[in-house]
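Residue numbers (the numbering used here): 21 to 207.
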């Protein structure tokens, strides 16, 4: 919207390049975009895996990338061409863990993440934050594929662990169907 309604009659050229939702596709798309014209900045993906792949391209072209990706690694990499407009997972996960332990008063935590960079990064941070709060999850699994459709086996393990809360750090789609989401709520 800012580009379409540039102030003072300014006009901005903003071609769109598809990442194909893959790390390789993201790096290729950014390289194609930056090699085809002069750019002052690039608004890029929210996906951490794609962002990690784009970072060397941004450094090579010396073009700032603007993102809302929460992956802590992105701004902790020392790359001066990365600008994030949301807090990173390092800050967010502290609040997440404190809410579960201090507000919800839960101590039997099932900590689950997917296999994406986002899921893995948040999982490790939540492990650290729960440990600092003196709580070790009773169940941990960070091996869920983001395209998993049947969460029944995982939910059976969570139930058997005696967990009183599920802390899930994963990409939201296409994670589970509405039916499985209802099963999680009932567990």
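All C-beta atoms, glycine included, are put in the ideal place defined by N, C-alpha and C. It should be emphasised that the depicted structure is a prediction, and the values quoted were computed from it without experimental measurement.
Under the 10 Å beta carbon count, residue 113 is surrounded by 16 or more other beta carbons and is classified as buried. With at least 16 other beta carbons inside 10 angstroms of its own, residue 134 counts as buried. Taking residue 161 as the centre and dropping the five residues before and after it, the same chain places the C-beta of 132 closer than 6 Å to its C-beta, in chain order. Listed as beta-bridge partners of residue 87 by DSSP are 104. For the pair residue 75 and residue 87, the CB atoms are not nearer than the 8 Å cut-off. Restricting attention to 32, 40, 44, the CA atom closest to the CA of residue 62 is found in 32. By the Cβ-count criterion, residue 180 is exposed, with fewer than 16 other Cβ atoms from all chains shown falling within 10 Å of its own Cβ. Taking every protein chain shown into account, the CB of residue 44 has fewer than 16 other CB atoms within 10 angstroms, so this residue is exposed. Comparing C-alpha distances from residue 48 to each of 26, 77, 23 shows the shortest one belongs to 77. As the crow flies, the alpha-carbon of residue 79 is around 27 Å from that of residue 191. Inter-residue distance for residue 104 and residue 138 is about 15 Å (C-alpha atoms, whole angstroms).
The secondary-structure analysis by DSSP pairs residue 159 across a beta bridge with 130.
Closest by C-alpha distance to residue 185, out of 171, 128, 172, is 128.
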